[in-house]
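Beneath this line is the structure, given in structure tokens, with notes to follow.
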Amino acid sequence: KLSDYDGSVLAVSDFMRTVQDQISPWVPQGFTSLGTDGFGLSDTRGALRRHFKIDAESITVGVLAQLANEGKLSVGKVQEAVEKYRLNDVTAADPGNTEGTG
Numbered sequence: 004k005l006s007d008y009d010g011s012v013l014a015v016s017d018f019m020r021t022v023q024d025q026i027s028p029w030v031p032q033g034f035t036s037l038g039t040d041g042f043g044l045s046d047t048r049g050a051l052r053r054h055f056k057i058d059a060e061s062i063t064v065g066v067l068a069q070l071a072n073e074g075k076l077s078v079g080k081v082q083e084a085v086e087k088y089r090l091n092d093v094t095a096a097d098p099g100n101t102e103g104t105g
């Protein structure tokens, strides 16, 4: 049960955020969703996930940002992670695969 959980919730989808946003009214904790809100883009799977900030590194930074918003981590640590993972550079993303399994 989420009511017994102490911490924030970060929901991620390869679809639009509206999918996971549907459960937010029933999540008592802080709730953040990440998704692919957009259209008309064509690139590698990894580059698109980085663009929409739903790749592993972006999810990590999202969790760190939640912790910073709760006062449990300094904002400087979030910025360090953004720079370490080069989040604003889609070419730094793992290209992933193209056969549809990953």
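Whatever position you read off the sequence shown (first residue = 1), add 3 for the working numbering. Note that the Cβ used here is the ideal one computed from N, Cα and C, for glycine as well.
Between the alpha carbons of residue i and residue j, how many angstroms are there, rounded?
{"i": "GLY99", "j": "THR47", "result": "7 angstroms"}
{"i": "THR39", "j": "LYS80", "result": "25 angstroms"}
{"i": "SER16", "j": "THR35", "result": "12 angstroms"}
{"i": "ALA96", "j": "LEU5", "result": "32 angstroms"}
{"i": "ALA84", "j": "ASP92", "result": "13 angstroms"}
{"i": "SER77", "j": "LEU67", "result": "9 angstroms"}
Can you tell me whether DSSP reads residue i as helix, strand or coil?
{"i": "SER36", "result": "strand"}
{"i": "ALA14", "result": "strand"}
{"i": "ASN91", "result": "coil"}
{"i": "ILE62", "result": "helix"}
{"i": "ARG155", "result": "This structure cannot settle anything about residue 155, because the visible part of the chain is limited to 4 through 105."}
Among the options, which residue has its Cα nearest to the Cα of residue i?
{"i": "GLY10", "options": "GLN25, GLN69, GLY49, GLY65", "result": "GLN69"}
{"i": "GLY41", "options": "HIS54, PRO31, LYS87", "result": "HIS54"}
Check your understanding: Contact between the stretch 56-71 and the stretch 20-32: three or more CB pairs below 8 angstroms?
Key -> no
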